[in-house]
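Residue numbers (the numbering used here): 1 to 531.
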């Protein structure tokens, strides 16, 4: 018998089959409940317990870490002692700063981050704030050849990639006689696996690999050679209790070596039949096994509930997502700033105010001015809705034309705009509140009052402009109106194009700037750009 703080290796029939097998030993997760089966001295039990609960004594002096809350610092000390671990804190408790700071105190300087595609640039901003400021941060985005170049040239720093990009393709090269001469493996996953010196990986929304047979899960399993692995999710078992297996296998493959071993150890089963034959149905926990699993999770993960650590939590959680401009957008805006027109088109501006209006439209979608080029904001929203199909979303804008364009892209005609009748408006509200529809596209002025949408999870503002009162009223459309909705997610996302005047507008609005302030500041902005 061998006992470590996280696993027991045992030969014999006392405990039956374990969750894994290693060199002739049955493997079991180390828990208080399991240790009761052995004749261990109190001193041995205390030693094991102390090692399980071990935390770093001190954290390094660092301005970013010092800005964290007390419970986050405690979590960093706990997670920092473990090579692999889970941060299963509830939504809005600050898992991202905790995860990045944990990798920082571990000294991880080559870090892979896997996240939903719509969050890649948000992760980039968070890395700048909570990780090593001096190290490069690269987002794997764009064409296949561009993505390959980004991965190939990743020497140090953070590489941020989406689940969807973790793919590889095998292709055989044959000679003229049909004999196989070479096996080529291509794809972003294959290129990442060439980097054997990756020190750490953060898996955001880790419950996405709940199906252990899915391509996403198998891709992540192939990266288990990375020593420091951290799984982030507020719902480690989102639907059924046994769906946590994939995360546990990813973190501890030598304890949870196979899916059916995990199921056999923790859960009851029974057979059912259909025309194809018999199949196993997974039931409830075996007696006492739910407690065992909870005890093990307590050893390897953090679990903070929002209501207990943040009772003062504001009713609105704000995020700013900065998206890179396309080359077309940069070109159009540069020409407008320099010449008051877009070369070779009928787009022109007679004054600063007209110029600012057209630039705001270009940053939303060049198509609004009949210019060529895609809308990165539309692409981001499409990806976000794909990443989070369970969320109820409100999309706000000052431009009805943009909302209609976006509606075509999303195949959605749920508009609350100036021309929406009172009857249709009430119908859409009731459908959204009841859960019949999950998406509304709303003009800020049309939706700023007289409508309650407090079942929404997210409000996305694609553009903002004074007066600030209109924006605040629009935001208040989905603020919790009853106690049962206080602890649900209420996230406001400001979607802005990076390195554009939209970033300045947002900063000015935070200071309650007026339209005059924004126009005057824009004149200064143009001069700075030209210089």
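Glycine included, each C-beta is placed from N, C-alpha and C at the ideal position.
Taking C-beta separations shorter than 7 Å and ignoring five residues to either side along the sequence, the partners of residue 154 in its chain run 138, 195, following chain order. The DSSP assignment places 422-434, 468-475 as complete runs of the alpha helix (DSSP H) inside the stretch 402-475, in order along the chain (cut-off: 4 residues). In the structure shown, residue 477 falls within a helical segment according to DSSP collapsed to helix, strand and coil. Close CB contacts of residue 89 within its chain, under the 7 Å cut and outside five residues either way in sequence, are with 95, 234, 302, 303, 304 (chain order).
Scanning its chain for C-beta atoms nearer than 7 Å, with the 5 sequence neighbours on each side dropped, one finds around residue 387 the residues 116, 117, 118, in chain order. Between the alpha carbons of residue 209 and residue 405 lies a distance of about 34 Å. Spatial neighbours of residue 444 in its own chain (CB-CB distance under 6 Å, excluding positions within 5 residues in sequence) are listed in chain order as 396, 398, 470, 474. One Cα belongs to residue 410, the other to residue 298, and the distance between them is close to 42 Å.
In the structure shown, residue 317 adopts extended strand secondary structure according to DSSP, grouped into three states. Residue 32 carries a helical assignment under DSSP once its states are collapsed to helix, strand and coil. Rounded to the nearest whole angstrom, the CA to CA distance from residue 437 to residue 391 is 11 Å. Take the alpha-carbon of residue 167 and the one of residue 232: they are about 21 Å apart. For residue 269, the enclosing beta strand (DSSP E) has its first and last residue at 267-274. Secondary-structure assignment with DSSP links residue 157 through a beta bridge to 110. Secondary structure note for residue 280: its beta strand (DSSP E) is the uninterrupted segment 277-285.
Scanning 463, 433, 104 for the CA closest to the CA of residue 496 turns up 463. Ranked by Cα distance from residue 370, the first of 401, 107, 17 is 401. In summary, residue 516 is exposed, with fewer than 16 beta-carbon neighbours lying within 10 Å of its beta-carbon over all protein chains present. By the C-beta density criterion, residue 144 is exposed, having fewer than 16 other C-beta atoms within 10 angstroms. For residue 84, there is no enclosing alpha helix (DSSP H); the enclosing beta strand (DSSP E) has its first and last residue at 84-87.
Cβ atoms of residue 500 and residue 466 stay farther apart than 8 Å, at about 17 Å.
Nearest in C-alpha terms to residue 447, of all of 457, 415, 431, 430, is 415. Of the candidates 323, 318, 12, 84, the residue whose Cα lies closest to the Cα of residue 24 is 12. With three or more CB-CB distances shorter than 8 Å, the stretch 156-171 counts as touching the stretch 121-141. Under the 10 Å beta carbon count, residue 113 is surrounded by 16 or more other beta carbons and is classified as buried. Pairing residue 241 with residue 262 gives a Cβ-Cβ distance that is not under 9 Å. Using a Cβ distance threshold of 9 Å, residue 442 and residue 394 count as a contacting pair. A residue is called buried once 16 or more other Cβ atoms fall within 10 Å of its Cβ, and residue 472, having fewer, is exposed. Looking at 373, 336, 372, 343, the one whose alpha-carbon comes closest to that of residue 355 is 336.
Residue 365 has its alpha-carbon roughly 49 Å from the corresponding atom of residue 282.
Comparing alpha-carbon positions, the option among 381, 202, 342 lying closest to residue 111 turns out to be 202. An exposed status is given to residue 524, since fewer than 16 other beta-carbon atoms sit within 10 Å of its beta-carbon. Cβ contact annotation for residue 288 (same chain, cutoff 8 Å, sequence separation greater than five): 33, in chain order.
Within a 10 Å sphere around the beta-carbon of residue 152 sit fewer than 16 other beta-carbons, which makes this residue exposed. Counted as a single uninterrupted DSSP element, the beta strand (DSSP E) harbouring residue 497 occupies residues 491-497.
Inter-residue distance for residue 108 and residue 16 is about 40 Å (C-alpha atoms, whole angstroms).
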